[in-house]
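Heads up, the sequence shown is in my numbering, so the first residue is 134 and it goes up one at a time. Think of the CB as a built atom: it goes at the ideal place given N, C-alpha and C, for glycine as much as any other residue. Below is one structure, written out as C-alpha cells, with a few remarks after it.
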Amino acid sequence: MLERIRSFRFAIHGIALTVQSQHNAWIHLAVSVAVVALGGFVGLQRDGWLWLITAMTLVWSMEVLNTAIERLADAAVPEIHPLIAQAKDAAAGAVLVAVLGSGLIGLLVLGPPLMQKLGIGL
Numbered sequence: 134m135l136e137r138i139r140s141f142r143f144a145i146h147g148i149a150l151t152v153q154s155q156h157n158a159w160i161h162l163a164v165s166v167a168v169v170a171l172g173g174f175v176g177l178q179r180d181g182w183l184w185l186i187t188a189m190t191l192v193w194s195m196e197v198l199n200t201a202i203e204r205l206a207d208a209a210v211p212e213i214h215p216l217i218a219q220a221k222d223a224a225a226g227a228v229l230v231a232v233l234g235s236g237l238i239g240l241l242v243l244g245p246p247l248m249q250k251l252g253i254g255l
C-alpha cells in the first residue's frame, strides 16, 4: 500500500514539475480553468463535460509526456544533436496536435450554448 501511495506522489511531482518548468503548461492551466468556468456558466450537460474532460486530459497528458521526453533527451545527450532535436520537435508536435483538436472540441461543445446564453443567433 505504501508503494502505491509513494508512486502516486511521484506522479503528482511530475505534474508539478511540468507546471513549474514549462511556460505552455501555465497556458494550458489557464485555458483549463477558463473552459471549466465557461462550461459551468453555460450549464453544460454530461456529454459536453465528457468531451471537454477528455480533451483536457489529452492535452495535459501530452504536455507531461513532452516534458519527460525533453528531460530524458537532455540527460542522455547534453550537447545539441539533430536526432534529439527531432525527437523534441516531434513531442512538441504531439502537444500541438492535442491542443488543436481539443480547441476544436471546445468550440463545438461550448460555442452553441455560449451563443445561446449571450443571445447571439447563428
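Contact between A227 and M195 is confirmed by a C-beta separation of about 5 Å, below the 8 Å threshold. Here the stretch 176-192 does not lie against the stretch 200-207, with fewer than 3 beta-carbon pairs under 8 Å apart. When the Cα atoms are used, K221 and T200 turn out to be separated by approximately 9 Å. Taking a C-beta distance under 8 Å as the contact criterion, V152 and K250 do not qualify as a contact pair.
The C-beta separation of L243 from G172 comes to about 7 Å, placing the pair in contact by the 8 Å criterion.
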